[in-house]
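In the working numbering, the protein residues as written are 10 to 139.
Every residue, glycine too, gets a C-beta built ideally from N, C-alpha and C.
This is the structure:
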């Protein structure tokens, strides 16, 4: 079977807030929005796209009780992690373990940093050194 990642879905409290955050800090552009029936209620779905990556923000309302938890984190690969950390901090983005970033990752060639999105989702920045 051949397959590819289609999108990353996240439960959020406000699709507009999440869309603005990912647009302002990571350059995602708004895609389709729909209100759909879901598990006895309604949910607003908002898509955002950048460089072949699609994020789906799901805002529950009107009786919809989400089943399951949001993803542990999403990860974006960056070329210069120090520059990205500095840029995002200057824009007011909060980092997890701010005094330790960038962290060493899976191998000595990986550098990682985790920041927090508007729905308290963790966002990983990952850089692979040459």
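Rounded to the nearest whole angstrom, the C-alpha separation of residue 30 and residue 100 is 10 Å.
Taking C-alpha positions only, residue 86 is separated from residue 119 by approximately 10 Å. Taking a contact as a CB-CB distance under 8 Å, the pair residue 23 and residue 63 does not count as one, their CB atoms being some 19 Å apart. Only residues of its own chain outside the window of five on either side were considered, and among them 47, 48, 49, 50, 51 and 52 have a CB closer than 8 Å to the CB of residue 73, listed in chain order.
Close CB contacts of residue 105 within its chain, under the 6 Å cut and outside five residues either way in sequence, are with 123 (chain order). Exposed is the label assigned to residue 44, since fewer than 16 other Cβ atoms lie within 10 Å of its Cβ. If the five residues before and after residue 71 are omitted, its C-beta is found closer than 6 Å to the C-beta atoms of 50 and 51, all from its own chain and listed in chain order. Straight through space, the alpha carbons of residue 56 and residue 34 are spaced by roughly 16 Å.
Residues 31, 57 and 59 of the same chain have their beta carbon placed closer than 6 Å to that of residue 37, with the five preceding and five following residues left out of the count. Here residue 65 carries a strand assignment [DSSP, helix/strand/coil]. Between residue 83 and residue 130, the C-beta gap is smaller than 8 Å, which places the two residues in contact.
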